[in-house]
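Numbering (this note's numbering), first residue to last: 780 to 847.
One structure below.
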Amino acid sequence: MQVSVRDNNVDQALRALKKKLQREGVFREMKLRRHFEKPSEKKAREKAEAIRRARKLARKKAQREGML
């Protein structure tokens, strides 16, 4: 990952870097890897995340169709 510093503006470059890391999911990955996660816990977490994503998508879709 690369971020360019323009006009010696390091603060702006740091903000851009943090935003890129956030989008890539690096912070979340670091948080998950702090402690060992049993395979069964990982499976349950991923299943719950998938359900959450599906509900969110359905909510957005229903809202869009309701407005049309």
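We treat Cβ as the ideally placed atom computed from N, Cα and C, and that holds for glycine.
Since the model is a prediction, treat every value here as computed from it, not as a measurement.
Item                                                                                      : Value
Same chain, Cβ closer than 8 Å to Lys799, five either side skipped, listed in chain order : Met780 and Val782
Proximity below 8 Å, CB of Val784 to CB of Ala792                                         : yes
Backbone secondary structure at Met780 - three-state DSSP                                 : coil
Pairwise C-alpha distance: Ala827 and Lys759                                              : Lying outside 780 to 847, the shown extent of the chain, residue 759 is not represented and no answer is given.
Range of the contiguous alpha helix (DSSP H) that encloses Gly804                         : Where Gly804 is concerned, there is no enclosing alpha helix (DSSP H), given that its DSSP letter is neither H nor E.
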